[in-house]
Amino acid sequence: MKSKALVTLFALGLVLTPGCGSKSSSTPAPAPAPAPAPTPTPTPAPMPTPAPAPSPVGQAASYEVDTKTPGRTSSAVQDGTVTVKVTGQDASNGAYVTQITYSLDVTLLGHQQGSQNVDIPADFYGSQFLSQLVANGSYSTSYFTATYEGLANATTLDGHTYTGCYKVLLNNFQAPSTLQAMTDSFVGFTGGGASSISNLQATVLIQPGIPVLGAVTIDLSFSAGTQAFKVGADYLSN
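Heads up: the sequence shown at position 25 corresponds to 607 in our numbering, and the numbers run straight through without jumps.
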């Protein structure tokens, strides 16, 4: 585009510049019309500066289960909230101990609540995780595989809009894993146990600066026995 503009200006200069020792009697040509403005491209959220990640211990984030958007959450879950809080670090493997507390209203079972501690790999908190994921397209740990799927915007249930989120697919979970531990708490009413869980994956919209996992939205899907389940949840900023 720049070279084409330079050629145009150069040619225009030849037309308007008088020849050596002669007079120009031509009327100056009108200036070319300005080129149309380019279509703006999505702007990603600022990438964290590569540096030793601060300890997430003490961070907490709350999520509301989305039962309003059709098809996002299985009808068995009528309402619910989930809170995650980093309570410490496991000295044996460096993973961060995270307490997951949930409160759900489930069809036929009524109100269900509980709390469970799980280990989240330290890799997930490092600044290199997101930068390498975006640069390479995928990132593998001993617990799961992450695949970068581009940028997306999200408007959460509390009315906040987050632009330029990094859309990430998490799958290939290996025991023990965070999401497997979480789903253990939800499958009691299926008649199966943790061993019956399959096809476990999560789509997460990540924005640096959100506490704990950086997740603005989490959409979890899995099968338990012969039944398929989906749970979608949004970050609560207040």
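Virtual Cβ for every residue (Gly too), placed ideally from N, Cα, C.
Query: Quick check: the Cα distance between aspartate 687 and serine 657, rounded to an integer number of angstroms?; Result: 11 angstroms
Query: Hey, how far is the Cα of leucine 802 from the Cα of serine 644?; Result: 16 angstroms
Query: Indicate the three-state DSSP secondary structure (helix, strand or coil) for leucine 715 in the structure shown.; Result: helix
Query: Quick check on this structure: which residue in Asn675, Gln783, Tyr817 and Gly640 has the alpha carbon closest to the alpha carbon of alanine 806?; Result: Gln783
Query: In terms of residue numbering, what span does the beta strand (DSSP E) encompassing leucine 733 cover?; Result: 727–737
Query: Taking the CB atoms as reference points, tell me whether isoleucine 788 and leucine 712 lie closer together than 8 angstroms.; Result: yes
Query: Measuring CB to CB, does asparagine 753 end up less than 8 angstroms from phenylalanine 726?; Result: yes
Query: Do the CB positions of valine 716 and tyrosine 707 come within less than 8 angstroms of each other?; Result: no
Query: Bridge partners of threonine 683, per DSSP?; Result: Thr665 and Ser697
Query: Would alanine 704 and alanine 677 be called neighbours here (beta carbons separated by less than 8 angstroms)?; Result: yes
Query: Use the C-beta contact count for glycine 796: other C-beta atoms within 10 angstroms, 16 or more gives buried, fewer gives exposed.; Result: buried
Query: Which residues in the same chain as lysine 667 place their Cβ atom closer than 6 angstroms to its Cβ, once the five residues preceding and following it in sequence are excluded?; Result: Ala642 and Gln681
Query: Would you check if the distance between the CB atom of threonine 799 and the CB atom of threonine 738 is smaller than 8 angstroms?; Result: yes
Query: Which stretch, first to last residue, makes up the beta strand (DSSP E) that contains alanine 815?; Result: 809–818
Query: With a 10 Å radius around its C-beta and 16 neighbouring C-beta atoms as the bar for buried, classify valine 538 as buried or exposed.; Result: Since the first and last residues shown for the chain are 583 and 820, residue 538 lies out of range.
Query: The beta strand (DSSP E) that contains glutamine 641, what's its start and end?; Result: Unbroken run through glutamine 641: none, as it is neither H nor E.
Query: Locate the beta strand (DSSP E) running through glutamine 783, then write down its first and last residues.; Result: 779–788
Query: Considering Cα atoms alone, identify which of Thr683, Val659, Ser637 and Thr665 is closest to glycine 692.; Result: Val659
Query: Rounded to whole angstroms, how far is the Cβ of serine 685 from the Cβ of threonine 663, which I believe are closer than 8 angstroms?; Result: 5 angstroms
Query: Starting from aspartate 801, trace the beta strand (DSSP E) both ways and give me its first and last residue.; Result: 797–806
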